[in-house]
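In this note's numbering, the protein residues as written are 0 to 282.
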């Protein structure tokens, strides 16, 4: 993501976050302050991706980029070990390396652009993370088709929250630019949860009207009944069996005939047999 110029800067400098670094998930949570100084960096010209850390001359120090389905991180110094040793107070060595490696492995929590939606206690709560200067407007589609438009509140650069009241049970879908998020408010199957008692009352009227029966398994010594395929019969169940009516409900959409052998080959094979039969009968 950056092209080295061939020059190496050996003057002491204090690493710092760039504007993009203050928003990017790899470096946005690093505690800034009087980090220990480094004394060597490779000068380079950025050509892609995001510059997350710079030196005091605003030269790139840490650059990340997405390449196809992969990712790359470029650290333009070999002095990060000074932080691990606590030189001049050290710095966030372990946190920076851990977050960089997890981002390279596509940890979902470290996606730069991410929209999340949580629905609970009559509220829809959204959280947006983006590298853009301004967040895209957000819209929530309710289960009954209503469009809700909450307003973003800035938490810090690149992070925004929004809330709005909801009262419909079901699936909510949020969209902000190209990002989408969904959440369910209430039970996943509210109608099914109204009565979870095992009963025949609901299905028996339907089964009796269609000639069927209802069987309960796991009660006493009841075993699974046998299955029978019936041509035509009004009663489709017994004490230890139940039937499926064979309705012959199929449609022929195409047929194709292929000869076993070509006709001319059949004639050539049959002719010797006829001559042999004629010869034997003639004797």
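Where a beta carbon is used, it is the ideal one built from N, C-alpha and C, also for glycine.
Keep in mind the model is a prediction, meaning the values are calculated, not measured.
Sequence-distant partners of residue 158 (beyond 5 residues in either direction) whose C-beta falls short of 6 Å from its own C-beta, in its chain, are 128.
Within the same chain, and ignoring the five residues on either side of residue 134 in sequence, the residues whose Cβ sits closer than 6 Å to its Cβ are 127, 151 and 159.
Between the alpha carbons of residue 140 and residue 194 lies a distance of about 29 Å. Rounded to whole angstroms, the gap between the alpha carbons of residue 26 and residue 86 is 20 Å.
Of the candidates 254, 245 and 216, 216 places its Cα closest to the Cα of residue 238. Looking only at 186, 262 and 207, the smallest Cα-Cα distance to residue 170 is reached by 186. In the three-state scheme derived from DSSP, where H, G and I count as helix and E and B as strand, residue 224 is classed as coil. Per DSSP, reduced to three states, the secondary structure at residue 249 is coil, with no helix or strand assignment. In this model, residue 179 and residue 172 are separated by some 7 Å (Cα to Cα). Where residue 240 is concerned, the enclosing beta strand (DSSP E) starts and stops at 240-244. Here residue 60 carries a strand assignment [DSSP, helix/strand/coil]. Measuring C-alpha to C-alpha distances from residue 52 to each of 30, 21 and 223 identifies 21 as the nearest.
Rounded to the nearest angstrom, the Cβ distance from residue 54 to residue 3 is 14 Å, too far for a contact under 8 Å.
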